[in-house]
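Reviewing the structure listed below.
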Amino acid sequence: MSNRLAFPIALAALVIAAVTLAGCSAGGLPGGTLAGGPAPTPTRTFAPGSSESPKAKPCTAPGSTIPLGSYSGDITATLNTAMQLTVPGAGTIPNAGSGTETMDGVVHITSNGRTVTGLIALGGEGTSQVGDKFIIHSKDEGDFTGEISGPADNPIVTGKMGGAWETLDAPIQSGGSDTSTATVGLHVTSVSCGAVSGDVIAMFIDLAKPVAGYITVSGTGTWTANRK
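The sequence shown begins at 967 in our numbering and counts up one residue at a time.
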């Protein structure tokens, strides 16, 4: 698995390159938000008067709560970003930047039926371009590693992302690197006694909400972690 995630660097590359062309400055991405709630607790019961070894009652998955157990899976995703800027004195730049990134990773979750722990690691690299009549291309790479925690019905990810980008054909060659931290919902889409599924693209859309007015995030990135 690649150890690098292009998403934050792609956004940085798009913003920085567009800013260079337009002669203005722009800010970065703060973290996302999360809404939590109480989670029901699964119970274990045993047959009265049984002489056999105690056996757990068959697993149940109440609502959106991740049932007791450990879950692991791989992640494969394609992330698309597109940016449109309105620059004072320069007007609107409809194709201020776009990028396509490929990512792979892993997710591990352990639940006691009430709270969860775990980790998610994503990596990838890709290319982006800025401009309309005059196009500047760049390449980028980065990484995102997060700890999963919180209630079993609404886990969060507290992670660190970083990486680097480099222009390929700009009049003045440039590049850079950066790191940042973020907290965002894991975006679980379904749970069962056999597996937990989620969506990393929804997670990145949540992270990009502060700049949603000019950066659009899309792609495919559903994952499934099977019970071990």
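Beta carbons are placed, not taken as given, at the ideal position from N, Cα and C, and that holds for glycine. Fair warning: this is a prediction, and the values are worked out from it, not measured in the lab.
Quiz item: Which ranges would you report for the beta strand (DSSP E) in the segment 1139 to 1182 if only whole runs of at least 3 residues count?
Solution: 1141 to 1151, 1154 to 1157, 1161 to 1165
Practice problem: Would you check if the segment 1034 to 1052 and the segment 1061 to 1074 touch, i.e. whether three or more CB-CB distances between them fall below 8 Å? | Solution: Counting C-beta pairs closer than 8 Å gives three or more between the segment 1061 to 1074 and the segment 1034 to 1052, which meets the contact rule.
Exercise. With DSSP collapsed to three states, give me the class of T1188.
Key: Within the sequence shown, numbered from 1, the residue matching residue 1188 stands at position 222. In the structure shown, T1188 sits in a strand (DSSP, three-state: E or B).
Quiz item: Distance, Cα to Cα, S1038 vs A1087?
Solution: Position 72 of the sequence shown holds residue 1038. Position 121 of the sequence shown holds residue 1087. In a straight line, the C-alpha of S1038 is about 12 Å away from that of A1087.
Exercise. For L1051, collect the residues of the same chain with a Cβ closer than 6 Å to its Cβ; drop the 5 residues on either side in sequence, then sort them by chain order.
Key: Against the sequence shown, residue 1051 aligns to sequence position 85. If we look at L1051 and ignore the five residues flanking it on each side, its Cβ neighbours are A984, I1059, A1062, Y1180.
Self-check item: Whole runs of the beta strand (DSSP E) within the segment 1021 to 1072, excluding any shorter than 3 residues
Solution: 1035 to 1053
Exercise. Along the beta strand (DSSP E) that carries D1135, what are the first and last residues, could you check?
Key: The residue given as residue 1135 occupies position 169 in the sequence shown. Where D1135 is concerned, there is no enclosing beta strand (DSSP E), given that its DSSP letter is neither H nor E.
Quiz item: Per DSSP, F1110 forms a beta bridge with which residues?
Solution: Taking the first residue of the sequence shown as 1, we reach residue 1110 at position 144. DSSP, once it has assigned bridges, lists L1088, M1127 as partnering F1110.
Quiz item: Can at least three beta-carbon pairs, one atom from the segment 1169 to 1185 and one from the segment 1137 to 1146, be found at a separation below 8 Å?
Solution: In short, these stretches do not touch, since the Cβ pair count stays below three.
Quiz item: Which of helix, strand or coil does DSSP assign to K1194?
Solution: Reading the sequence shown from its first residue, position 228 is the one you call residue 1194. In the three-state DSSP reduction, K1194 falls in the coil class, being neither helix nor strand.
Practice problem: Please go through the same chain and pick out, in chain order, the residues whose beta-carbon is closer than 7 Å to the beta-carbon of S1077, but skip the five residues on each side of it. | Solution: Taking the first residue of the sequence shown as position 1, residue 1077 is located at position 111. These residues qualify, in order along the chain: I1032, P1033, L1034, G1035, A1118.
Quiz prompt | Local conformation of P1117 per DSSP, three classes | solution = For the purposes of this step, residue 1117 is identified with residue 151 of the sequence shown, where counting begins at 1. It is a strand residue.
Quiz item: Looking only at DSSP bridge pairs, what is I1102 linked to?
Solution: As a position in the sequence shown, residue 1102 is number 136, starting the count at 1. Its beta-bridge partners are V1096.
Quiz item: With 16 as the cutoff for other CB atoms within 10 Å, does N1105 come out buried or exposed?
Solution: Taking the first residue of the sequence shown as position 1, residue 1105 is located at position 139. It is worth fixing the name first, because residue 1105 is Lys in this sequence and not Asn. It counts as buried.
Self-check item: CB contact below 8 Å: G1055 versus chain C
Solution: No chain C appears in the structure shown, which is made up of a single protein chain.
Quiz prompt | 8 Å Cβ cutoff met for V1150 and D1172 | solution = Taking the sequence shown and counting its residues from 1, one reaches residue 1150 at position 184. Taking the sequence shown and counting its residues from 1, one reaches residue 1172 at position 206. For V1150 and D1172, yes; Cβs fall inside 8 Å.
Exercise. Using alpha carbons as the reference points, say which of F1100, K1194, L1152 lies closest to T1188.
Key: Position 222 of the sequence shown, counting from 1, holds the residue named residue 1188. Checking every option, the nearest Cα to that of T1188 belongs to L1152.
Quiz prompt | Buried or exposed by the 16-neighbour rule on C-beta atoms within 10 Å, applied to T1147 | solution = Residue mapping note: residue 1147 aligns to position 181 of the sequence shown, counting from 1. Result: exposed.
Quiz item: According to the Cβ coordinates, are I1102 and A1136 closer than 8 Å?
Solution: Position 136 of the sequence shown, counted from the first residue, corresponds to residue 1102. Position 170 of the sequence shown, counted from the first residue, corresponds to residue 1136. A contact, by the Cβ cut-off of 8 Å.
Exercise. Sort Q1095, E1132, V1162, G1125 by Cα distance to T1066 and report the nearest one.
Key: Along the sequence shown, read from residue 1 onward, the residue named residue 1066 stands at position 100. Checking every option, the nearest Cα to that of T1066 belongs to Q1095.
Exercise. Rank K1194, W1131, S1115, N1192 by C-alpha distance to the C-alpha of D1109 and give the top, closest one.
Key: Locating residue 1109 in the sequence shown gives position 143, counting from the first residue. For D1109, the nearest C-alpha among the options comes from W1131.
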